[in-house]
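In my numbering, the protein residues as written are 5 to 184. Here a beta-carbon is modelled for each residue, glycine too, at the ideal position from N, C-alpha and C. All figures in this text were calculated on a predicted structure; none of them were measured in a lab.
This is the structure we're talking about:
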């Protein structure tokens, strides 16, 4: 299920207003899974396309993702425990490609209340955070294969903020979601 579709434009001008360089690019991605089981890998589809650019900005911005603490301020931050997502050919930062991003290591087991996140960095200080909380209960294998968006989702893109509340469920895995 396609979650995001953002077109990002960035330009630089001199103090007198003369154009120096610009880039316009589009990023689309699928919703990451609602449940992440310990000892397993997870992933989602993502595509980044440079639409147009000038100067050397065509390869300046790249998309990346990592699984890390849910307490970070943005996708630009990371801890030593991060788990990077990578393409099927091992790229951790993509440009002008469509791929399935999968975490490079299995998800470690947590304890009740732990907050982890999939951080999707779209470049130029844009990004999304899918927040998960460790819950004890039904084993992950008993969960439906149908993606369910669980928890409270906060969205902040280009200073536009919103919130979506979705009914809570439990399981022995991280569950939930949030976008910053």
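Asked, Found
"Through-space distance from residue 68 to residue 94, alpha-carbon basis", "12 Å"
"Residue range of the unbroken beta strand (DSSP E) whose run includes residue 47", "47-57"
"Host beta strand (DSSP E) of residue 67 (start-end)", "67-73"
"At least 3 beta-carbon pairs within less than 8 Å: the region 96-104 vs the region 46-66", "yes"
"Contacts around residue 75, its chain only, beta-carbon distance under 7 Å, and the 5 residues preceding and following it disregarded", "119"
"Straight-line Cα distance separating residue 33 from residue 14", "20 Å"
"Backbone CA spacing between residue 16 and residue 129 [nearest angstrom]", "15 Å"
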